[in-house]
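Numbering (the working numbering), first residue to last: 47 to 351.
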């Protein structure tokens, strides 16, 4: 029989997120429908076909690094529950390895960011810059760089201040990248389907609003929270309620979009993106971690009162 004091909602939430992260990346790693998609453009636009060939191959190679991170997260979580705990040194080594491999995955999007930012013979393609160039540049540089530095600073023998700083910065870049990416894809969807379509589709209008304005508000709040918390000396000093709220809000964005597709159906450029190409859809499981953090923080405050 499991020890009720060992198995907590937060630990179960972390297990669910680790399993979701692994299974979703496993699916994407062995889904090869993207192979050859550049061939359709080759006769009419050989330059674009070449770029797609390069970026697709490179992105897949670097996706393997996230797959390795998923294996480590999944196996580490299972091992933790099987052994009812892991040595602190082992836990830190696992976390550092996961951070490094996740950072390498994001680094693989740098070429896509460069391609999306390059001008064409007709000038800069604003839509392509918004849905590919900017988010890939911010993600490949900001997320990967902050994750590498976090992995370097995250050691049990070192003060936690520097690790907390880079964890907060990584969180800012994650939310900012997701806002840029999803807003850019919504701009593409509205341009293709028209404003009338958006205004007459309530579920799509809500998804558009949560992507364009909701994620922007979350990014602004994440910047504010990070600025207020960046000097914290120890992990226990972090406001877990606010951390949980941020994590839950981010996860609910993905969960909402997935559920709207299930219940309302339909297909357009937005669903093709978030269901077929968005490799961060695993984040729909984040409320399983965020909600326990919120309730834990409230319980802690009640005990102190």
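Even glycine gets a Cβ: it sits at the ideal position worked out from N, Cα and C.
Within the model, the alpha-carbon separation for residue 65 versus residue 116 is close to 8 Å.
For residue 104, the enclosing alpha helix (DSSP H) stretches over residues 92-129. Residues 181 of the same chain have their beta carbon placed closer than 6 Å to that of residue 227, with the five preceding and five following residues left out of the count. Note: residue 191 is not bridge-paired with any residue in the DSSP secondary-structure output.
Spanning the alpha carbons of residue 208 and residue 200 requires a straight line of approximately 8 Å. In the DSSP annotation of this structure, the continuous segment of the alpha helix (DSSP H) that includes residue 146 starts and ends at 134-153. Distance from the Cα of residue 325 is smallest, within the candidate group 71, 63 and 53, for 71. If you draw a straight line from the Cα of residue 84 to the Cα of residue 51, it comes to about 54 Å. Using a Cβ-Cβ distance cut-off of 8 Å, the region 304-312 and the region 229-236 are not in contact, since fewer than three pairs of beta carbons, one from each stretch, lie closer than that value.
Excluding its 5 nearest sequence neighbours in each direction, residue 136 has no C-beta neighbour in its own chain below 8 Å.
In this structure, residue 156 and residue 221 do not form a Cβ contact; the two beta carbons are roughly 20 Å apart against a cut-off of 8 Å.
If you draw a 10 Å sphere on the C-beta of residue 167, you find fewer than 16 other C-beta atoms in it, and that means exposed. By the beta-carbon neighbour count (other beta carbons within 10 angstroms, threshold 16), residue 54 is exposed. When DSSP states are grouped into helix, strand and coil, residue 169 belongs to the strand group. Relative to residue 277, the option among 219, 214 and 250 whose CA is nearest is 214.
A residue is called buried once 16 or more other Cβ atoms fall within 10 Å of its Cβ, and residue 338 is buried on that count.
By the neighbour-count criterion, in which a residue is buried when 16 or more other Cβ atoms sit within 10 angstroms of its Cβ, residue 270 is exposed. For residue 315, the enclosing alpha helix (DSSP H) has its first and last residue at 315-322. Sixteen is the threshold: when 16 or more other Cβ atoms of the shown chains lie within 10 Å of the Cβ of residue 114, as they do, the residue is buried. No residue range can be given for residue 257, since it is assigned to no alpha helix (DSSP H) and is classified by DSSP as neither H nor E. Between the alpha carbons of residue 195 and residue 187 lies a gap of roughly 12 Å. The Cβ neighbour count for residue 329, taken over all protein chains shown within 10 Å, is at least 16; the residue is labelled buried. Counting only the Cα atoms, residue 281 lies some 12 Å from residue 202.
In the DSSP annotation of this structure, the continuous segment of the alpha helix (DSSP H) that includes residue 235 starts and ends at 207-239. Across the set 68, 154, 67 and 86, the C-alpha of 154 shows the shortest separation from the C-alpha of residue 101. In the DSSP assignment, residue 163 falls within the unbroken alpha helix (DSSP H) covering 156-163.
In this structure, residue 264 lies away from residue 301, with their beta-carbon atoms at least 8 Å apart. Within the same chain, 236, 250, 251 and 254 come within 7 Å of residue 244 by CB-CB distance, once the 5 residues on both sides are set aside. Boundaries cannot be given for residue 77, as no alpha helix (DSSP H) includes it and DSSP labels it neither H nor E. The criterion of a C-beta distance shorter than 8 Å is satisfied by residue 229 and residue 257. Taking 8 Å as the cut-off, the beta carbon of residue 151 is found closer than this to the beta carbon of residue 111. Between residue 145 and residue 69, the C-beta gap is not smaller than 8 Å, which leaves the two residues out of contact.
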